[in-house]
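In my numbering, the protein residues as written are 1028 to 1347. Written out below as structure tokens is the structure these notes cover.
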């Protein structure tokens, strides 16, 4: 999805192209799974190159190309978390967790410099649900394991604004362009967390591996959508500093730092085997009791070392 039209130049022989298209669909679905996990990646409402504000020249923290790419991507995620255990004091808790997400990419595609750029739009809609078992090992250490599934729908809309692709159109129309596909992807993950509550708030360190594998179908690539597969492993630290409390409302300064390792169908679109992400912001809990809203806030995040390196102003929702 991040380089949707990279394969147009090789669309000449059916067999190699079919395999290439299959891999492209697999990568699209795999990338959406990683990017929709807000613990792993964050997009905001305003993207920028940190080099311009920090007076440095480090291409790993951002370039104009990576910032332009971030601006072409729109991501919305709505997480949810429901307890399935009646006894809050039990050392073993069961939870129903997940997220709804939408990932869109809107790009101009220049096939011929002498002609008007075409317009390409990709959209992936997804729903993820998992059942989590959380075990309190000590007062500070918890181990969680979970199994879940993603149901995803991919849709491409391509606007031919010139005749640059007329010769290839019979081969790619309805196969790779202006087509759709589905995927059902199973996921296994775990999380080991060490947490401390102190008089000013709380902090914790954590490690969480994820593995996913699934199957695809649909009109895209004549039904040969492939099997999205990949993994990612996040290791990080989070800190919540509570500075005011009025009634039920707590205002906090939130900061986090994560290293994310990626593999399988996710590494090439992200253009790396690992990257880093740091965030800082302000959070506020709602003044009313809610099973759906833990907190909301505003902040800043910086991605270092991936194809989507750069900074963003972000809205936080249900940070924990």
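Heads up, the beta-carbon is just placed ideally off N, CA and C, and yes, glycines get one too.
DSSP places residue 1062 in the helix class (H, G or I) of the three-state scheme.
With a contact defined as Cβ atoms closer than 8 Å, residue 1310 and residue 1322 qualify at about 5 Å. When DSSP states are grouped into helix, strand and coil, residue 1093 belongs to the helix group. Under the three-state reduction of DSSP, residue 1334 is assigned to coil, being neither helix nor strand. Contact annotation, residue 1053 with residue 1255: C-beta distance approximately 5 Å; criterion of less than 8 Å satisfied. Non-local beta-carbon contacts of residue 1134 in its own chain, meaning distances under 6 Å to residues more than five positions away in sequence, involve 1099, 1147 in chain order. Bridge pairing for residue 1293: absent [DSSP]. By the Cβ test, the segment 1272-1280 is not in contact with the segment 1067-1086, since fewer than three Cβ pairs between them sit closer than 8 Å. Rounded to whole angstroms, residue 1231 and residue 1158 show a C-alpha spacing of 23 Å. Counting along the chain, no beta strand (DSSP E) covers residue 1196; the unbroken alpha helix (DSSP H) around it starts and ends at 1196-1199.
In its chain, beyond the 5 residues on either side, 1103, 1152 have a beta carbon closer than 6 Å to the beta carbon of residue 1129. Cα atoms of residue 1328 and residue 1283: separation of roughly 9 Å, rounded to the nearest angstrom. Where residue 1081 is concerned, the enclosing alpha helix (DSSP H) starts and stops at 1077-1081.
Taking a contact to require three or more Cβ pairs closer than 8 Å, the segment 1160-1169 and the segment 1178-1193 do not qualify as touching.
Taken through DSSP and simplified to helix, strand or coil, residue 1106 comes out as strand.
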